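For the sequence shown, counting from 1, position 117 maps to 472 in our numbering; every step adds exactly one. What follows is a single structure, written as structure tokens, with notes after it.
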Amino acid sequence: MNLKAYRKKRNFKKTKEPSGSNNKISERKARFVVQKHFARNLHYDFRLEYRGVLLSWAIPKGPPKTKGMKRLAIHVEDHPIEYAQFEGTIPEGEYGAGKVEIWDKGSYEIRQTSNLKNSPITMSASFRKGHISLSLFGRKLKGNYEFIRLKGAERKKLWILMKS
Ligand code: MN
């Protein structure tokens with residue numbers, strides 16, 4: 356998990372998006388943020404703070420609103436921690452050109468699923484497994500959510516986000 360792919364796509368002389376510092380691992384409660392991104396195709400960027408970067412997914416239709424609802428979530432490159440505060444307009448001709456606004460933010464926890472009570476579940480283990488169980492404490496997003504990687508879609512980075 357690093358920022359190489361993120362930096363490669365952007366010209367930081369032209370966009371006000373953060374280039375990212377080489378952060379130490381944060382001891383604070385982990386944050387999440389959802390940014391509404393008015394790019395060529397409107398989508399919502401869902402980001403989870405983890406080990407000094409933001410794990411990121413682009414959700415074309417936005418996060419699910421009701422229990423059982425599933426939304427396609429495309430895993431994209433890690434973003435710098437500072438991106439959690441970013442709002443503004445990425446200039447025409449630059450990667451992801453268009454307005455970015457914070458749609459929701461808060462903290463999150465990895466949820467310990469009942470059948471595995473004896474061994475604490477970590478983000479890296481969940482990510483490898485392709486199933487991340489989360490509790491979100493945001494203003495709009497509250498409660499339990501699951502990121503599930505679609506079978507056989509590892510290379511296409513296709514996941515779904517479901518409200519559970
Ligand atoms: Mn985006």
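Every residue gets a Cβ at the ideal spot worked out from N, C-alpha and C, and that includes glycine. On a predicted model such as this, the values are computed, not experimentally measured, just so you know.
Secondary structure at Ser-481: helix, using DSSP grouped into helix, strand and coil.
Taking a cut-off of 8 Å on C-beta distances, the stretch 424-431 does not touch the stretch 440-451, as fewer than three cross pairs fall below it. Membership of Lys-518 in the beta strand (DSSP E) is indicated by the continuous run 513-518. For Phe-367, the CB contacts under 7 Å within the same chain, skipping 5 residues up- and downstream, are Ser-374 in chain order. Here Ala-439 is near Arg-386, since their CB atoms are less than 8 Å apart.
In this chain, the alpha helix (DSSP H) harbouring Ala-360 covers 359-363.
For Arg-395, no beta strand (DSSP E) segment is defined, and its DSSP state is neither H nor E. Rounded to whole angstroms, Gly-498 and Asp-400 show a C-alpha spacing of 19 Å. Ranked by Cα distance from Tyr-361, the options Gly-451, Gly-461 and Glu-464 are led by Gly-451.
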